[in-house]
Amino acid sequence: MRYYILVCVALLGLCINMSFSGLLAMPDWSLAILLAILLSQRSTWYWVLPLIGLHDYLLFWSVWVVFPFAVLAALLLMYADIRLAPGQHQRWVGLVMVCIPLLFAGLGWLSWLLTITLTVWLWSYLSVKREKAYVEPA
23 MRYYILVCVA LLGLCINMSF SGLLAMPDWS LAILLAILLS QRSTWYWVLP
73 LIGLHDYLLF WSVWVVFPFA VLAALLLMYA DIRLAPGQHQ RWVGLVMVCI
123 PLLFAGLGWL SWLLTITLTV WLWSYLSVKR EKAYVEPA
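Counting in the numbering used here, the sequence shown runs without a single skipped number right up to 160 at its last residue.
In structure tokens:
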């Protein structure tokens, strides 16, 4: 249920980005929310990646801006979690891997920093919520 609400907020954020992107600097709401979901729980890749592709298509008129890097980040997370154990290092690499192409797509520095800040905040919030839900008593 929580992820359904976040996807609805991501779609609303995509509408806000498409409506007011020229007026003020704001984060890429939909990408930040979807990337935070992917970073907090890697098993959500099968429905987050198509939504990131839709985000690219609607916002940049091409799926080749962020989507290929999001696929690489998801593969990196799955491989690194299996080989090394889940950790923050591979998630930071995935975050940077997905967000760097935004600079080359024409997103301003302030919007880019706001996107990363929102992603990290949501990622930490979702991770803490998931850890509290799955803690076993001693």
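Glycine residues also receive a C-beta, built at the ideal position from the N, C-alpha and C atoms.
Where the alpha helix (DSSP H) containing Trp69 begins and where it ends: Along the sequence shown, one-based indexing puts residue 69 at 47. Segment 67-82, the alpha helix (DSSP H) holding Trp69.
For Ala124, the first and last residue of its enclosing alpha helix (DSSP H): One-based indexing of the sequence shown puts residue 124 at position 102. According to the sequence provided, residue 124 is Leu. The question's Ala does not apply to it. Segment 110-126, the alpha helix (DSSP H) holding Leu124.
Cβ shell of Trp86 (< 8 Å), same chain only, five flanking positions each side left out: For this step, residue 86 is matched to residue 64 along the sequence shown. Here the set comprises Asp78.
Buried versus exposed call for Ala47 [16 or more other C-beta atoms within 10 Å across all chains shown]: Working through the sequence shown from its first residue, we reach residue 47 at position 25. With fewer than 16 Cβ atoms within 10 Å of its Cβ, Ala47 is classed as exposed.
Trp131 versus Val120 - alpha carbon distance: One-based indexing of the sequence shown puts residue 131 at position 109. One-based indexing of the sequence shown puts residue 120 at position 98. Cα to Cα, the separation comes out at about 15 Å.
C-alpha distance - Asp50 paired with Ile104, whole-angstrom precision: Numbered from 1 along the sequence shown, position 28 holds the residue referred to as residue 50. Numbered from 1 along the sequence shown, position 82 holds the residue referred to as residue 104. Straight-line Cα distance between these residues: approximately 30 Å.
Sufficient close CB pairs (3 or more, under 8 Å) joining the segment 88-101 to the segment 69-76: yes
Nearest-angstrom Cα separation, counted from Leu124 out to Gly44: In the sequence shown, residue 44 corresponds to position 22, counting from 1. In the sequence shown, residue 124 corresponds to position 102, counting from 1. The straight-line gap from Cα to Cα measures roughly 16 Å.
Ala32 versus Ser62: straight-line alpha-carbon distance, rounded: Within the sequence shown, residue 32 is the residue found at index 10, counting from 1. Within the sequence shown, residue 62 is the residue found at index 40, counting from 1. If I take the Cα positions, the gap works out to 16 Å.
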